[in-house]
Amino acid sequence: MAEAVVGLRREREVLTVALATGRHVVLEGPPGTGKSTLLRSIAGESGRQMVFVEGNAELTPARLVGQFDPAQVLAEGYHPGAFVDGPLLTAMREGGLLYLEELNRIPEETLNVLITVLTEGEIVVPRLGHVHADKGFRLIAAMNPFDAVGTARVSQAIADRMCRVVLGYQDEPAERTITGSVTGLDGRAVELAVALTRATREHRDVRMGSSVRGSIDLATMLVGLSDLRGEGMLRKETGRDAAHAALSGRIRIADGVDRTPESVIDELLDRFWPDEDGEPGQESDSDTSSDGQGKADGLPEPPAGFQPRSRPGRERAGRTTSRQQLSARHEGFEEVSPELGELDEQAFEALAQQDPDAAAAMLADLAVATDEQLRAAARRLAGRVYLRMARIGPSRSRGTRKLGASRRLDGDLDLDRTLDAWDPAGTRRPGVDDVVTRTWTAHRRAVCLAVDMSGSMQGLAVALASVAAAGVVLADDAMGGKLESSVLAFGQDVRVLQARGVRRAPQELVAELVGLRGHGTTDLAAALRAASVQLSGAVAEEKLVLLLSDCLHTSGDEPASALAGIDRLHVLVPVGGAEAEAAAAGLVGRLGGTSGVVRRPADIGPALTRILG
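See the structure below:
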């Protein structure tokens, strides 16, 4: 075992044998678990060259494989000596290890280049021919499965050709060893840094905690600040400053949780930091607020351009549900809300583990409880729970980004097309405008989600609507705003929950949506016209409406008369039913869209991926 690798004995053995027996491997784990260190150690011991490639959304096949040098081609024509190997061919020819970082950030068109390489150990390059890999060539990829933005699920064609080694964080003694080895420190500073960092990974409000790099920086900052301030002992206020600097940028708050990283760190400091007498868990003279939210707390300013939503007509009073009705409707209500105004989140999570659909339906009804305190607590919880459910299911696809010809100069030179476009007679000197490149192009779309909140939408149907709204907003974020999303709710009237071009916090949107209830009638045509208005100003190649409704209109015009300005219409029918499914199929047939049934929150993710992916 190399001294540079602390722990990871089993993972090291598996990786060593996989490489020795000709396998290609993907290392999967959160940041800071030693993926790169482990691979470099093995490569060093074996004497192999390691070729490093940073995976990102701009990695093209030409940058991975290689390309012909334009100057040599112009002077001597196409020949093997004019080809400049990329990292893939370099590793193949020399029998080295090709290390692809962030595999799930690489565009699918680029990853497809690897399929034949992984299977046959060769690749065919246009105008160059076959390139065979040396017997020592191996592909090692790394990916972080917990980072959601800008990532996508690796295709089965790639995954099926690689072994998978999952790395987790080392145990606490190993992390103390790593931190002490890197920093040269020991004692209480290292113990506190490691304990606090590890606690961020288990906190209920944190989606992804800090890696061991946080421990290293925290221990260094803590000792350095203490020395700078001339303190004879470690003080809590100094620890707070050090922890905010070292950890706040490394942790990710869970979706729907309205607090800052600093407030989580403050809470953990109160748990782990000793007072001046050395007793853990006591308050110091720091300026932690009494509500435990921390000095860095506070709501952000509204985004530029934000305008309050208009509400046409006089708003109807919402209907509420009594505790007696909730108890009769939902088994387990007494455990979740044992007293007036109380919502036991642990009991709710236990119910969600046993029956997620029943828990989702109950939460939707709690959001309109007559009990005001219970209602407010349920809406806050809904923002977290339905956002979490919106992430379940297949990962978002990489969208429709493809490599295409362009006159922009920020892509890869398309040498063939550039030469074809130049004047063969040489009557004029070619200029910059004659250069043709290949660059990523994106198919921009505008989508409006219209959610039926009429009298027929109760319980599970409302939960489905809320998860769908969260899913559309998250999909828009994951695709970098390429969807230009908007969200409407309708019954007899139409309410704009999120206008196109105006971004709302997802948890705020869900909290409002889950509290809406209609009064019986459904004006589907009015909803479609309002959706068309939202789409009208979008600069997009396709304008689509995603309708979550049973499509049984009870007021207003025929829905088919309100499709102007909509390129494509897709319908998701909550819960289902023969009449509703027939009405949805008839409506989408006019615009070439699709219709389907969603019966449980877990169905929403795959349905949105199919429609928006």
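Under our numbering, the residues of the sequence shown are numbered 13 to 625, in order. By construction, the Cβ of each residue, glycine as well, lies at the ideal position given by its N, Cα and C atoms. Here the structure is a predicted model, which is why all the values come from computation and not from measurement.
- In terms of CA proximity to F95, V143 leads the group V143, T122, T128, G133.
- In the DSSP assignment, M245 falls outside any beta strand (DSSP E) and carries neither an H nor an E.
- Two segments are said to touch when three or more pairs of C-beta atoms, one from each, lie closer than 8 Å; by this definition the segment 203 to 218 touches the segment 256 to 272.
- Residues S607 of the same chain have their beta carbon placed closer than 6 Å to that of A597, with the five preceding and five following residues left out of the count.
- Closest in alpha carbon position to V38, among L151, L624, G588, R429, is L151.
- Considering only R105, F284, T232, N124, the residue with the shortest C-alpha distance to I170 is N124.
- In this structure, I135 sits near T128, with a CB-CB distance shorter than 7 Å.
- Rounded to the nearest whole angstrom, the CA to CA distance from A373 to A477 is 11 Å.
- In terms of Cβ geometry, G423 and R450 form a close pair [threshold 7 Å].
- Rounded to the nearest whole angstrom, the C-alpha separation of K47 and R24 is 10 Å.
- Rounded to the nearest whole angstrom, the CA to CA distance from V380 to A390 is 9 Å.
- Counted as a single uninterrupted DSSP element, the stretch harbouring L151 is not any alpha helix (DSSP H) but the beta strand (DSSP E) occupying residues 150 to 155.
- Judged by DSSP secondary structure, E66 falls within the beta strand (DSSP E) whose first and last residues are 62 to 66.
- By the criterion of at least three beta-carbon pairs nearer than 8 Å, the segment 220 to 234 is in contact with the segment 198 to 211.
- Looking at the DSSP output, K555 bridges to A458.
- Beta-bridge pairing by DSSP links S498 to C460.
- If you ignore the 5 residues before and after S339, its C-beta comes within less than 7 Å of the C-beta of F345, E346, all in its own chain and listed in chain order.
- Taking the C-beta atoms as reference points, V583 is found no nearer than 7 Å to V610.
- A straight-line Cα-Cα distance of about 34 Å links L525 and P42.
- Of the other Cβ atoms in all chains shown, 16 or more fall within 10 Å of the Cβ of R512; this residue is therefore buried.
- When C-beta atoms of the segment 73 to 81 are compared with those of the segment 246 to 259, fewer than three pairs fall below 8 Å, so the two segments do not count as touching.
- In this structure, the straight-line span from the alpha carbon of V202 to that of R283 is close to 16 Å.
- For V38, the uninterrupted beta strand (DSSP E) run begins and ends at 37 to 40, by DSSP.
- The beta carbon of L115 lies closer than 7 Å to those of V38, G67, A153, A154, M155, V166 in the same chain, with the five residues before and after it left out.
- For D97, the enclosing beta strand (DSSP E) has its first and last residue at 95 to 97.
- In the structure shown, the three-state DSSP call for R507 is strand.
- Rounded to the nearest whole angstrom, the CA to CA distance from L352 to D383 is 7 Å.
- With fewer than 16 other Cβ atoms inside 10 Å of its own Cβ, S573 counts as exposed.
- Here DSSP, grouped into helix, strand and coil, assigns T72 to coil.
- Between the alpha carbons of D183 and G93 lies a gap of roughly 52 Å.
- In the same chain as R60, and ignoring 5 residues on each side of it, the C-beta atoms closer than 6 Å to its own belong to G108, L109, in chain order.
- In this structure, the beta-carbon distance from L547 to R580 does not fall below 7 Å.
- In the three-state reduction of the DSSP assignment, T232 falls in the helix class, which pools H, G and I.
- With respect to A487, I616 sits apart: the two C-beta atoms are not nearer than 7 Å.
- DSSP lists V583 as the beta-bridge partner residues of S607.
- Around the beta carbon of R262, 16 or more other beta carbons sit within 10 angstroms, so the residue counts as buried.
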